[in-house]
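In the working numbering, the protein residues as written are 562 to 822.
Working notes, structure below.
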């Protein structure tokens, strides 16, 4: 959890750029090189998916990435091994997992968060657990030294935001649009009230995701008051284009997005 605080302090009110990829896509070896390329391109924080057969919060691009990894028999244990290797090389970069309740519960809640902590994970966001069911996940995460990241949207009721502010850690994942993940041409931001309310409640810093795919999106999100952004589908599309030269493509894309931040 300290890595997030240190990152935001280091940036000193400049925007954080977070990058999402699916672990094990297209294969374990290439995935490891991709993680290094994200940091080399300038990503301030990394968010990682664990391949799952029913990723309900994800659009077709990230769903396809999960399917590619599953076809190669990538397991949660493989993912934790990738994170351990990454952490050995990149000691200060915050690493979060975005996953689903089945993945956590299949391993056992305590065992999952313990494995995440040992691997060097800073946060876990369980995308399909609503706020009113999140307390056991958040409690178990904190006991393992892992920040429980919560999701907020402009239409989230005030009483739910209060609950998110109490339960959440690391950062608050704020969605840029309704629906699922996916790169788009335009995003329409009406997040001023949300960001202001989260800050008033003392919630972790708001980071905007879902549809962030261009430098203009980054600038718009930060101008609206976000502490940072996360881009996923746009990066995963670069991976989908093929393994040859993928690290260079990702490094250049991340650098352009980080410059905008």
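Every residue gets a Cβ at the ideal spot worked out from N, C-alpha and C, and that includes glycine.
(Q) Contact defined as beta carbons within less than 8 Å: I believe residue 625 pairs with residue 811. What is the distance between those atoms, to the nearest angstrom? (A) Their Cβ separation, rounded to whole angstroms, is 17 Å, which puts residue 625 and residue 811 out of contact at 8 Å.
Q. Terminal residues of the continuous alpha helix (DSSP H) containing residue 736?
A. Looking at the DSSP string, residue 736 is not in any alpha helix (DSSP H); the run it does join, the beta strand (DSSP E), is 733-736.
Q: Just list the beta strand (DSSP E) runs in the region 632-712, keeping only unbroken ones of 3 residues or longer that don't cross its boundaries, in chain order.
A: 656-660, 684-687
(Q) For the beta strand (DSSP E) containing residue 577, name the first residue and the last one. (A) 577-583
Q. Nearest CA to the CA of residue 765: which residue from 718, 621, 583, 684?
A. 684
**Q.** Nearest-angstrom Cα separation, counted from residue 793 out to residue 616
**A.** 14 Å
Q: Using only alpha-carbon positions, find the residue among 715, 774, 651, 791 that is nearest to residue 601.
A: 651
Q | residue 802 versus residue 762 - alpha carbon distance | A | Note on geometry: alpha-carbon atoms of residue 802 and residue 762 lie some 43 Å from one another.
Q.
Cutting at 7 Å between CB atoms, please list the residues of its own chain near residue 726, excluding the five before and the five after it.
A. Here the set comprises 759, 762, 763, 764.
**Q.** Sequence-distant residues of the same chain with beta carbon closer than 7 Å to residue 818, five excluded per side
**A.** 578, 776, 779, 792
(Q) If you follow the alpha helix (DSSP H) that residue 727 is in, where does it begin and where does it stop? (A) 719-728
Q) Quick one, are the C-beta atoms of residue 737 and residue 576 less than 8 Å apart? A) no
Q) Would you call the region 625-635 and the region 587-595 in contact, with 3 or more CB pairs under 8 Å? A) Touching, yes, given that three or more Cβ pairs across the two stretches are closer than 8 Å.
Q. Residue 741 to residue 713, Cα distance in whole Å?
A. Only weak support exists for where residue 741 lies, its pLDDT of 47 falling under 50; the coordinates are left without a value.
Q) Can the beta-carbon of residue 786 be found closer than 8 Å to that of residue 752? A) yes
Q: Could you tell me if residue 680 is buried or exposed, where buried requires 16 or more neighbouring beta carbons within 10 angstroms of its beta carbon?
A: buried
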